[in-house]
Each structure stands twice: as C-alpha cells, then as structure tokens.
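Following: one structure in structure tokens, then a few remarks.
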Amino acid sequence: MEHTVYQAQLLEPKFWSIEENGVRCFLVEGEREAMLVDTGFGTGDLKAFVQTLTSLPVFVVNTHADRDHIGCNGQFSPAWMHPADFDRCAHSPQGKDLPLRPLWEGQVLELGQRRFEVILIPGHTPGSIVLWDEAHKTLISGDSVQAGNIYLFGPGRNLPALITSLEKLIARCTDIQTIFPSHGPLPLPGSTLPTLLQDARDLQSGKLTGTAPDRDVPGHLFRGKAAGFYYDGPIL
C-alpha cells in the first residue's frame, strides 16, 4: 500500500497537516507521544507516512465518524472518539469492528508543551468534537468549523444543534486566533467562527438562497459569508 497519496505541511513547530484527496488529518508531536487527529479516507499507508514525520508512538483522536475521517483507524487502533458517534462508526464500512475508546467533553489531552481540551459540538454529527489549545489560541475543528461546505443532510445531522454548538464555542474559546479545519482553506482566522454562526442562523431563518448542489447529494447548497451548507431540512 502506497503512502504517496499524502502531502504534509508544517504549520507550527511539531504540528503538521496531512492532505489526502480533499480531506486533511493533523499530527501533533508531544514529548513522549504524538497525536494524530483523524485518519482520512484510507486510500494509502498513513501509518508509514506518519512514521516519516515522527518516531514517537502515535495515538488517534477522531473529530467524528464520517468515512473520510476514520479510513486508516485500523492501522493505529484503538482510536479515541466521542461515544455519541460510536454507532455511526460501527455502521460505516471503514469503521466496522474497529476498537474505540471513549473521549469525553472536557477531557484534556496532554502532550507536554501542548494540551488540547475536548469540546463536544453536535450538529454535523452527534459526536463531533473540536480540540481547543487555549495557550496557543488554536482550534482543530474537524468539519464543523470550516470555509468549505458543511454536510447537514441525512441521519444525525442537525442544524439547530450546530447553531447551539457554535454559540458554545464562541463562549468557551475566547480570543481564538487560528482555526485548523479538515476541509477547505487552511488556516482560518478566529473571526470565521462568529461569521459561520450567523450563516447558520441565516440558513435556519430562510435568509440564504439554495442552489442546485454541485455533487450528488440531497437538498440544496446554501452559501453564506463564511461557509456553505448542503442542507435538506426545514427552514423556519
């Protein structure tokens, strides 16, 4: 299995993004071990590629259980995930029978000079999380905070829950400076977060105009100032 499908970019000292066909993982090297956030589609040998970046033991944290985030979990198993997404993972071809460990709201992942707080933000999926590094004012945001198009159709997607989650993030992550999303432009400024919240509110209230989606998905594409939404739910 090849690992040439991956491209790494050093974002900060001991902190890389790993790109794979429109989705990205993040590798953060600590003092004794390294944290890999998500594992992509599973199209290559991610473990071998990660070993070109760090010689430390690696543990995996999943921001959520969509198939493009858990594809190589089996190369590193077990992985850490919020239990609200365990069922979603178990029903995915990429996640079936994979060993998982529970990751909880408020849990802190200690890597030595960096520490990340787990914040549960349901909406995109029931168990979506972000990782907040308060000392560095940075957020690893998965799919929930981005400048691309957020999936809000199908089982487990919930626009009102996403709005509540974004409100929660703004209250918790004060003075946020940098956001590292799994899709789209990288990095994003902290100002993206309140703009995205307003976009989601505008979607819910019917202020955004839907257009035909640019891919085979249900519903319509609604584009706001910060991001778009593939959405097939009700408009208030």
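Taken in order, the sequence shown gives residues 13 to 248; the numbers are from my numbering. No residue lacks a Cβ here, since even glycine has one placed at the ideal position from N, Cα and C.
- Only residues of its own chain outside the window of five on either side were considered, and among them Ile131, Trp144 have a CB closer than 8 Å to the CB of arginine 184, listed in chain order.
- Burial is judged here by how many other beta carbons sit within 10 angstroms of a residue's own beta carbon; leucine 174 has at least 16 and is buried.
- Closest option to leucine 198, judged by alpha-carbon separation, among Pro105, Thr16, Gln21: Gln21.
- Of all alpha-carbon atoms in Phe98, His94, Gly236, the one lying nearest the alpha-carbon of valine 157 is that of Gly236.
- Between alanine 224 and histidine 232 a beta carbon distance of about 7 Å is seen, short of the 8 Å cut, so the two are scored as contacting.
- Listed as beta-bridge partners of alanine 238 by DSSP are no residues whatsoever.
- Its Cα nearest to that of proline 114, the residue Asp99 stands out among Asp211, Asp99, Leu23, Lys219.
- Look at leucine 115 here: in three-state DSSP terms it is coil, with no helix or strand label.
- Apart from sequence neighbours up to five positions away, the residues of its chain that approach glycine 54 with a beta-carbon distance below 7 Å are Gly83, Cys84, Gln106, ordered along the chain.
- Counting only the Cα atoms, phenylalanine 234 lies some 13 Å from arginine 227.
- In the DSSP assignment, phenylalanine 98 falls within the unbroken alpha helix (DSSP H) covering 98-102.
- DSSP links serine 29 through a beta bridge to Gln21, Phe38.
- For leucine 65, the closest of Gln87, Gly52, Pro25, Asp80 by C-alpha to C-alpha distance is Pro25.
- Excluding five sequence positions before and after arginine 127, the CB atoms of its chain that fall closer than 6 Å to its own CB belong to Val120, given in chain order.
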